[in-house]
Amino acid sequence: MDRDKPDTPLYEVIEPDALEALYEHGRQRVEFQYADYQVTVQPDQTILVSELNT
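Under full-length UniProt numbering, think of the first position of the sequence shown as 1, with each following residue one higher.
Put into structure tokens, the structure is as follows:
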């Protein structure tokens, strides 16, 4: 299924310094929703993107 691009690019929605600070304070994994997707940043900084169930 083709999806429209979000109006705002991800780099304008997520503050990279805040994301880095989460890791510096021991956060092992970060998850958030962006448009119609679930984004997961793993401890090794691998990024997984999956469609949300609609």
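Glycine is no exception: its CB is placed at the ideal position from the N, C-alpha and C atoms.
Who are the near neighbours of residue i in its chain, counting only those whose CB is closer than 7 Å to its CB and skipping five residues on each side?
| i | result |
| --- | --- |
| Gln-28 | Pro-43 |
| Leu-10 | Tyr-34 |
| Met-1 | Here Met-1 scores only 47 on pLDDT, less than 50, and its place in the model should not be relied on; the value that follows carries that caveat. Cβ within range, chain order: n/a, list empty. |
| Gly-26 | none |
Quick one: measure Cβ to Cβ for residue i and residue j, integer angstroms, because I've assumed they're closer than 8 Å.
| i | j | result |
| --- | --- | --- |
| Tyr-34 | Glu-51 | No, Tyr-34 and Glu-51 are not in contact; Cβ-Cβ is about 11 Å, not under 8 Å. |
Tell me which residue opens and which closes the beta strand (DSSP E) that residue i is part of.
| i | result |
| --- | --- |
| Glu-31 | 30-34 |
| Leu-48 | 47-51 |
Taking C-alpha atoms, which residue in the options lies nearest to residue i?
| i | options | result |
| --- | --- | --- |
| Pro-16 | Pro-6, Val-41, Lys-5 | Val-41 |
Starting from residue i, trace the alpha helix (DSSP H) in both directions and tell me its first and last residue.
| i | result |
| --- | --- |
| Pro-16 | 16-24 |
Which same chain residues end up closer than 8 Å to residue i when comparing Cβ atoms and leaving out the 5 residues on each side of it in sequence?
| i | result |
| --- | --- |
| Glu-31 | Gln-38, Val-39, Thr-40, Val-41 |
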